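Counting in numbering that gives the first Met the number 0, the final residue of the sequence shown is number 578, and the numbers go up one at a time with none missing. Ideal Cβ positions, reconstructed from N, Cα and C, are used throughout, including at glycine. These figures come from a predicted structure and were not determined experimentally. These notes concern the structure reproduced below.
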Amino acid sequence: MSRPRATRPSHSHLSHATLAFATTLLVSACATGGSGVHATDSAKPAAFEVDVPTIRHPAGETPQWWFRDGAAQAAERGAMGGHAKNVILFVGDGMSLTTVAAARILDGQRKGGPGEDNRLSWERFPATALSKTYNVDSQTPDSAGTMSAMATGVKTRAGVLSIGQQPMRRNCAGAQAVPMLTLWELAASRGFATGVVTTTRVTHATPGATFTHVPERNWENDTELTDEARAAGCTDIARQLVETPFGNGPDVLMGGGRKNFMPVSERDPEYDDKVGERLDGRDLIAQWKQRHPDGTYVWNAQQLSDAPARGPLLGLFEPDHMQFSADRPQDGAGEPTLAEMTRTAIARLKQNDKGFVLLVEGGRIDHAHHYGNAYRALTDTIALSEAVQAAVDATSAQDTLILVTADHSHTLSFVGYPKRGNPILDKVRGSSGEDDGIADYALDQLGLPYTTLNYSNGPGYVGASAQQPEGPKRFQHTVSGVQIPKKGRPDLRNVDTQDPDYLQEALVPTASESHGGDDVGIWARGPGSEAVRGSVEQNTIFHFLLQSMPALRSELCKAGDCDGNGVPVTLPEPGKFRR
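Right, dumping it as structure tokens:
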């Protein structure tokens, strides 16, 4: 059951008697003008307590427990008070708090200011919180498990998409037994408009979690399935996106990844030396057109601009991931920006009177970090900021909840004591300690300058590799054969560290820079955003979105998944929502 209240003590430590006593005190305080806030206080939305069983972690964790606990975290903060018609989730893949701070400064410096006082678009939102990103089996998470948590309201394993945590990764038969209904599937099945926009392949982990259920994120087309998976009846992510049994699937689907939808017999329309990668003979683009006879398929920016303003839309702008924002102008066929795709998606989805659910991912922030290249990570973060602003301009805070977050962090560090306005991609001009005087370049104990931004690990390690000599490394650096540096740290005085291809130094040599396990930010505006506060488990984001959208959460209540106050607390059965 759930009941109205203003605050919720930790259910892990309080007995029912203690809870009752605390509730009595709260009501008494309200009646006598105390500082407690009653659920009916007009200053705050109604908050509800949802009883959550006390368990032993991690042994007692189940999908049902995660769903109920996430519902409790959102309900106790007042998410049920939201009256959103539409919800938009922006995910900056790998957008750590350090990334946000550095991108803010770079954006401000590009505009002619010192940078520190600048704000990215979402930093003007009134509500903020922190998200705990770990997967059920990993302290440092991946994008599959984290987006699955945000899509389903249930934490799960690393490497799997929108399935329960019970089966191990790559266990096809086990995965088929525990699919988790996503917010996008719920919406599509009940006639709401849905959209998925990304700069990665649309079959990649984050977009894939919206409409697909697999125990292996890399099963993006049929060639990547194991023989065992095929025998057990698993299908690839691209095929699931097109053939989803939830409504008609996404009304808008845009990003990269053409190769996963095209048979090997078909040549790519943009690159003469590339063909599709499907060996099953399926032309999923043709299949999508057949399913959406009133829809439009586009593969370049001009076609997107010329497309009819109504009807379903499939945009696949690259065989693989879309270009980094910094490299997009050099794309021969022309790619839309993330902001342009966002505006197009909203314009189409708004035509549905019931409302819409939209995901927009700045997916290549993560890739640039993995490459050890802060320049591209920050410029893609700025591109995400422009997309968020486009959404703000295209919607009303009265009916649209916009939530911006990251799925996980990275190991980017912001170091030294650079003076105010120091170029964020440059070497530190300032000092190396709180008691040091301001100099030109700050120097390490070897007498050498260093950059403000560095990575804890990755391909920027200065030792020689089989691909590049000892010293500063350049984008892209595919690492093998690493050696300990014979000369130690390089002298960066005559190195242009602001060059787009410069790789920041890495402490530990790894082929790819890794994710981080630290918390990431959540920023929100619109109906229900008042609930976005404090420190929450990442799966709570699903419940913020769902509870803030009354028309959508009522669909779960009709299925018997709500408590007496209309809070969706029971893990939905996907079979009830399939066609």
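Within a 10 Å sphere around the beta-carbon of H56 sit fewer than 16 other beta-carbons, which makes this residue exposed.
Taken in chain order, the unbroken stretches of alpha helix (DSSP H) that lie wholly in the stretch 369-445 and span 4 residues or more are 373-393.
The alpha-carbon of A285 is positioned some 48 Å away from that of P468.
For R277, the CB contacts under 6 Å within the same chain, skipping 5 residues up- and downstream, are N220, D221 and P262 in chain order. Per DSSP, the continuous beta strand (DSSP E) segment holding W522 begins and ends at V519 to R524. In this structure, the beta-carbon distance from K131 to D517 does not fall below 7 Å. Residues of the same chain with a CB within less than 6 Å of the CB of A465, apart from the 5 flanking positions on each side, are S479 and G480 in chain order. At least 7 Å separates the beta-carbon of L315 from that of R238. The DSSP-derived three-state label of T145 is helix. Boundaries of the alpha helix (DSSP H) harbouring P62: P62 to E75, taken from the DSSP string. Annotation for R363: T198, F323 and D379 place their beta carbon closer than 6 Å to its own, counting only its chain and skipping 5 residues before and after. One Cα belongs to Q138, the other to M146, and the distance between them is close to 15 Å.
Shown here, P244 sits in coil according to DSSP, grouped into three states, outside any helix or strand. Of all C-beta pairs linking the stretch 419-427 to the stretch 480-499, three or more are shorter than 8 Å, placing the two stretches in contact.
DSSP places E334 outside both helix and strand once states are collapsed to three, so it counts as coil.
If only complete runs of 3 or more residues are kept, the stretch 181-257 shows the beta strand (DSSP E) at 192-200 and 251-255, in order along the chain. Restricting attention to L447, A192, P448 and L411, the CA atom closest to the CA of I87 is found in A192.
In the structure shown, I87 falls within a strand segment according to DSSP collapsed to helix, strand and coil. Taking L252 as reference, the option from D282, C233 and V356 with the minimal CA-CA separation is V356. Nearest to E529 by alpha-carbon distance, out of A128, F66, G415 and G331, is A128.
In the three-state reduction of the DSSP assignment, E360 falls in the strand class, which pools E and B. DSSP places E536 in the uninterrupted beta strand (DSSP E) bounded by S534 to E536. Scanning its chain for C-beta atoms nearer than 7 Å, with the 5 sequence neighbours on each side dropped, one finds around F576 the residues L180, E184, L185, S188 and F245, in chain order. Per DSSP, the continuous beta strand (DSSP E) segment holding E48 begins and ends at F47 to V49. With fewer than 16 other Cβ atoms inside 10 Å of its own Cβ, D434 counts as exposed. Contact check for V153 against P62 passes: the beta carbons are separated by less than 7 Å. Less than 7 Å divides the Cβ of G255 from the Cβ of M321. Assigned with DSSP and collapsed to three states, V507 falls in strand. With a cutoff of 7 Å on beta-carbon distance, G515 and H409 are scored as near each other.
The residue from V201, V461, N372 and N85 with its alpha-carbon nearest to that of A102 is N372. Judged by DSSP secondary structure, S130 falls outside any alpha helix (DSSP H) and instead within the beta strand (DSSP E) spanning A126 to K131. Counting along the chain, the unbroken beta strand (DSSP E) around T295 starts and ends at T295 to V297. In this structure, E215 and R169 form a Cβ contact; the two beta carbons are roughly 5 Å apart against a cut-off of 8 Å. Taking a C-beta distance under 7 Å as the contact criterion, L400 and G525 qualify as a contact pair. Going by DSSP, G314 is part of the beta strand (DSSP E) stretching over L312 to L315. For L447, there is no enclosing alpha helix (DSSP H), since its DSSP letter is neither H nor E.
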